[in-house]
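Chemist:
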Amino acid sequence: MISYKLVKGSIQLLDDDLDLQALFDANRPAQGVFYPDGPHRVNLEMLVDYLHKQS
Numbered sequence: 001m002i003s004y005k006l007v008k009g010s011i012q013l014l015d016d017d018l019d020l021q022a023l024f025d026a027n028r029p030a031q032g033v034f035y036p037d038g039p040h041r042v043n044l045e046m047l048v049d050y051l052h053k054q055s
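If you read the sequence shown in my numbering, its first letter stands for residue 1, the second for the next number, and so on.
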């Protein structure tokens with residue numbers, strides 16, 4: 001994974017090894033629930049918000 005921060009509308013690379021498991025774990029569906037597009041409900045907006053909170 002790539003770690004970056006948003007600074008005045010630009011993206012700055014911080015690290016190329018970021019653990020996003022906590023984000024995926026928090027958005028794992030309930031047991032027995034199936035989504036046709038994949039097992040996790042994480043989208044780009046959620047990823048950017050997560051990275052913003054980590055910085």
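Even for Gly, the Cβ is constructed at its ideal location relative to N, Cα and C. In this text, all values refer to a predicted model and were calculated from it rather than measured experimentally.
Aspartate 19 CB to nearest chain D CB: under 8 Å?
Modeler: Going by chain labels, chain D is absent from the structure shown, which holds only one protein chain.
Chemist: Lysine 8 by DSSP, collapsed to three states: which one?
Modeler: coil
Chemist: Tell me leucine 20's beta-bridge partners as DSSP assigns them.
Modeler: Leucine 20 is not bridged to any residue.
Chemist: DSSP puts aspartate 15 in a beta bridge; with which residues?
Modeler: Ser3
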